[in-house]
Amino acid sequence: MFTKWLKKTSVQKSLYYVSVKLSMRWMDVDDVVATQCVVSISGDSPLLEYSGRHGIYAPIIARKVGDSMFLILSMKKTGNADRFTTLLPLTFQAEDKGDSWLINSPLKSFPEFSIVDEIVKIPSVIMQHLYLKNGRLVLDFRFHASRLNEVSDFIMDHLADGGEFVLESLVPRSSAISFLMRMNSMVPITLISFSIPALNEDPIERCLSSNDSIAEVEKKPGPNYRALIYSKSPITEKDDLITISEEDNLYETWGNNPILQEIRKVTNANSIFRLAHFLRVNGDRLIVSVFIPAHQAKDFIRIIAGIGHNEDKHPVRLHSFQACRADLFNVYDI
7 MFTKWLKKTS VQKSLYYVSV KLSMRWMDVD DVVATQCVVS ISGDSPLLEY
57 SGRHGIYAPI IARKVGDSMF LILSMKKTGN ADRFTTLLPL TFQAEDKGDS
107 WLINSPLKSF PEFSIVDEIV KIPSVIMQHL YLKNGRLVLD FRFHASRLNE
157 VSDFIMDHLA DGGEFVLESL VPRSSAISFL MRMNSMVPIT LISFSIPALN
207 EDPIERCLSS NDSIAEVEKK PGPNYRALIY SKSPITEKDD LITISEEDNL
257 YETWGNNPIL QEIRKVTNAN SIFRLAHFLR VNGDRLIVSV FIPAHQAKDF
307 IRIIAGIGHN EDKHPVRLHS FQACRADLFN VYDI
């Protein structure tokens, strides 16, 4: 399945990117898409009801299967079990995943859930975090300040409808790094960096190959993954690109590297939470940096190890596996 990707890179020089100095760091562009908005909605779900009854906070994934909607919760097993961590897996017949419990709960009624689709359609929106809190479904997202009017219209329209939509906060200068550090204080996070062959057959990889730039993958549904491109200088070839801000050299486009697509497909099927997901190109390799909950890190590593393992040359090279901490963003290889 992966032979054609490996042939394309078999005669190219192998690069180990950690030893190469790259000019753009994530912290150099961390303030570009840095307006945070948090809204909450209601829904009819046993998990939401349980959260409201017990005052529970829990990160979740929402997944649509056919005409049905499910809320998926991954909970780390702990030796210091309290009433919540003991009863929740039993109440919802959780699946034992080794280091964690996985709960899959139907959302019986979701008239307001279309709000999620509306939000992610706004250019530059990065959905940071979806979670349960006190019986409500909370959506935490970032966007570029140039899209404030669109986000404001979205908020005001839904508030005027008189439904269960609630604006929790709208905060400027709230970056990806601050989000990850905040999350890390609640749920330990692991950074996993690896590389795969860069094929330069989609707009994301072409941009990253020809410009000093970083991509942040967006959590948007669709056959291809989408990403924001943070460039050090203006990108002149704009085929398939949406310009978000000429002043900040910020663009949006799509990608479909088949290895990354396979990883995306399998990790989605296994309900792996990806809190942030960055891409860059170095030589003939696409560098992928993913921040995920530490209790799912071993599962993620097993998944990427299984991609193309029957080939003569494994397409995935592991570069970093370490706990998230603030100084990681000062280096060039994130």
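Sequential numbering from 7 applies to the sequence shown in our numbering.
Beta carbons: idealized from backbone N, C-alpha and C, even for Gly.
Remember, predicted model here, so these are calculated numbers, not experimental data.
Residue i: first and last residue of the uninterrupted beta strand (DSSP E) it sits in
i, result
"residue 328", "323-329"
"residue 144", "142-149"
"residue 82", "74-82"
"residue 139", "132-139"
"residue 279", "Element bounds for residue 279: n/a, residue is neither H nor E."
"residue 234", "231-237"
"residue 197", "195-203"
"residue 248", "248-251"
"residue 41", "41-47"
Alpha-carbon spacing of residue i relative to residue j, whole angstroms
i, j, result
"residue 16", "residue 320", "Residue placement at residue 16 is poorly supported in this model, since its pLDDT is 38, which falls under 50; the coordinates still yield a value, given next. About 11 angstroms."
"residue 156", "residue 84", "43 angstroms"
"residue 27", "residue 292", "The predicted model places residue 27 with a pLDDT of 44, which falls under 50 and marks its position as unreliable; any figure quoted below should be read in that light. Rounded to whole angstroms, residue 27 to residue 292 spans 15 angstroms at the Cα level."
"residue 260", "residue 245", "11 angstroms"
"residue 227", "residue 285", "18 angstroms"
"residue 13", "residue 283", "For residue 13, the pLDDT reaches just 44, beneath the cut-off of 50, and the residue's location in the model is therefore unreliable, leaving the point undetermined."
"residue 113", "residue 217", "44 angstroms"
"residue 75", "residue 50", "11 angstroms"
"residue 45", "residue 179", "17 angstroms"
"residue 334", "residue 183", "10 angstroms"
"residue 80", "residue 242", "43 angstroms"
"residue 99", "residue 109", "7 angstroms"
"residue 150", "residue 208", "24 angstroms"
"residue 251", "residue 257", "7 angstroms"
"residue 248", "residue 33", "23 angstroms"
Cβ distance (whole Å) where residue i is taken to contact residue j below 8 angstroms
i, j, result
"residue 198", "residue 106", "So it is not a contact: roughly 16 angstroms between Cβ atoms."
"residue 132", "residue 153", "Not really, about 11 angstroms apart at Cβ, beyond 8 angstroms."
"residue 200", "residue 322", "5 angstroms"
"residue 299", "residue 193", "5 angstroms"
"residue 181", "residue 73", "Their Cβ separation, rounded to whole angstroms, is 38 angstroms, which puts residue 181 and residue 73 out of contact at 8 angstroms."
Assigned secondary structure, residue i (DSSP; H/G/I helix, E/B strand, else coil)
i, result
"residue 271", "helix"
"residue 174", "strand"
"residue 209", "helix"
"residue 99", "coil"
"residue 256", "strand"
"residue 31", "coil"
"residue 311", "helix"
"residue 106", "strand"
"residue 263", "coil"
"residue 300", "helix"
"residue 222", "strand"
"residue 92", "helix"
"residue 64", "strand"
"residue 52", "helix"
"residue 336", "helix"
"residue 179", "coil"
"residue 26", "The pLDDT assigned to residue 26 is 41, lower than 50, so where the model puts this residue is not dependable, and the model offers no usable value."
"residue 320", "coil"
Contact test: residue i Cβ vs the ligand ADP heavy atom, cutoff 6 angstroms
i, result
"residue 70", "This structure lacks the ligand ADP, and indeed carries no ligand of any kind."
Residue i - containing alpha helix (DSSP H), residue span
i, result
"residue 156", "154-166"
"residue 127", "120-127"
"residue 186", "182-192"
Closest Cα partner of residue i within the set the options
i, options, result
"residue 289", "203, 109, 40 and 169", "203"
"residue 273", "238, 252, 219 and 312", "312"
"residue 141", "65, 130 and 125", "65"
"residue 188", "332, 126, 249 and 109", "332"
"residue 279", "182, 78 and 241", "78"
"residue 263", "305, 233 and 159", "233"
"residue 40", "236, 30 and 97", "236"
"residue 59", "135, 139 and 31", "139"
"residue 121", "173, 93, 94 and 111", "173"
Chain C within 7 angstroms of residue i, Cβ atoms only
i, result
"residue 329", "The displayed structure is made up of one protein chain only, and chain C is not part of it."
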